[in-house]
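Student: Residue numbers (UniProt numbering), protein chains in the order written: chain A, 1 to 243; chain B, 1 to 57. Think of the CB as a built atom: it goes at the ideal place given N, C-alpha and C, for glycine as much as any other residue. Quick one: structure below, then a few questions.
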């Protein structure tokens with residue numbers, strides 16, 4: 001059986017219907033366990049005090065904001081190369097989810113930054129790249145709405161997605177590229193090195209990250225199913241008008 | 001049992017409040033639109049199934 005069989009809308013609907021309850025259940029478990037553990041059961045950081053609890057929201061949402069764009073890029077490339085409609089609709093479905101994660105990362109970052117850095121916002125490379133990524137999300141969603149023909153919309157948004165990928169990469173690696181600004185480099189990938197996160201924070205953080213990944217999968221599956229149905233609905237209505 | 005958040009209580013609680021509100025709104029919108037489109041599709045499919053085909057007219 002080939003992976004491409006799932007690009008068939010009917011197969012996708014069948015598979016996703018079976019998978020959705022499991023993904024939904026796992027998402028709920030990971031999010032509840034991770035957030036309750038992070039909020040109620042972790043100690044204060046010796047420097048950051050209780051603001052360290054924001055890590056359980058900020059890091060997973062920021063990771064997913066970038067990963068959602070990467071997923072949209074892959075789906076867009078599949079659309080451009082193989083013309084599978086499900087992949088174009090999956091990219092469309094993922095954009096509002098990615099935008100929400102980006103908004104959460106920006107809001108929680110500002111709320112964390114104010115007490116720690118003394119400012120809500122700085123034109124730091126990472127923060128600025130992230131803001132531009134948020135604007136790309138808005139542009140991507142607006143372009144889907146603005147173009148009436150769905151295939152043309154899928155083509156144009158796929159190109160926009162490729163351009164925006166520059167900022168998705170920049171928002172991840174800006175600290176390494178410019179080595180300046182207020183925002184620190186990623187810490188969770190340095191576990192085991194000189195400056196790791198203590199296990200008391202690391203373990204619930206991993207659970208929260210798993211919860212956010214699963215939430216993204218859940219929402220994209222649900223929204224893709226809706227987009228497939230909406231596409232069929234508009235085709236049927238068009239046929240009715242012609243009859 | 002509420003943890004003692006000290007002088008950062010506003011920042012921490014605002015972060016959790018804003019995140020949960022945004023995620024709940026996204027989930028609610030997703031479910032609402034999903035149900036609406038599913039219902040509309042079912043209505044149109046039922047209407048077209050009842051309509052006479054070209055050969056029946």
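1) Could you please tell me which residues of the segment 21-33 of chain B, in chain order, have their CB closer than 9 Å to any CB of chain A?
2) Quick check on residue 45/A: does DSSP put it in helix, strand or coil?
3) Any chance the segment 151-169 of chain A sits against the segment 41-50 of chain A, with 3 or more Cβ pairs inside 8 Å?
4) Please report the residue range of the alpha helix (DSSP H) in which residue 8/B lies.
5) Could you check the C-alpha separation between residue 111/A and residue 89/A for me, to the nearest Å?
6) Out of curiosity, what's the CA-to-CA distance linking residue 136/A and residue 159/A?
7) Kindly list, in the order they appear in chain B, the residues whose Cβ is closer than 9 Å to that of residue 40/A.
8) Closest to residue 183/A by C-alpha separation, out of 13/A, 221/A, 15/A and 122/A, would be which residue?
9) Using DSSP with H/G/I as helix, E/B as strand and the rest coil, what is residue 120/A?
10) Count the CB pairs spanning the segment 53-69 of chain A and the segment 203-215 of chain A that are closer than 8 Å, and state whether there are at least three.
11) For chain E, check one thing: does any of its Cβ atoms lie closer than 8 Å to the Cβ of residue 223/A?
12) Identify the contact partners of residue 49/B in chain A, using a Cβ-Cβ distance below 8 Å as the criterion.
13) Please list, in chain order, the chain A residues whose beta carbon lies closer than 8 Å to that of residue 11/B.
14) Which of helix, strand or coil does DSSP assign to residue 243/A?
15) Since residue 219/A meets chain B, which of its residues come closer than 8 Å, beta carbon to beta carbon?
16) Can residue 99/A and residue 134/A be called in contact, C-beta distance under 8 Å?
17) Within the continuous alpha helix (DSSP H) that includes residue 65/A, where are the two ends?
18) Does the Cβ-Cβ distance between residue 115/A and residue 9/B come in under 8 Å?
19) Roughly how many whole angstroms lie between the Cα atoms of residue 236/A and residue 225/A?
20) What residue from 217/A, 199/A, 129/A and 187/A has the CA that sits closest to residue 174/A's CA?
Tutor: Walking through what the data contain:
1) 22, 23, 25, 26, 27, 29, 30, 31 and 33
2) strand
3) no
4) No alpha helix (DSSP H) contains residue 8/B, which DSSP labels as neither H nor E.
5) 34 Å
6) 12 Å
7) 1, 2 and 3
8) 122/A
9) coil
10) yes
11) In the structure shown, chain E cannot be found, because the protein chains are A and B.
12) Those do not exist, as residue 49/B stays about 11 Å from chain A at its closest Cβ, beyond 8 Å.
13) 51, 54, 111, 112, 114 and 115
14) coil
15) 26, 27 and 30
16) yes
17) 55-82
18) no
19) 17 Å
20) 129/A
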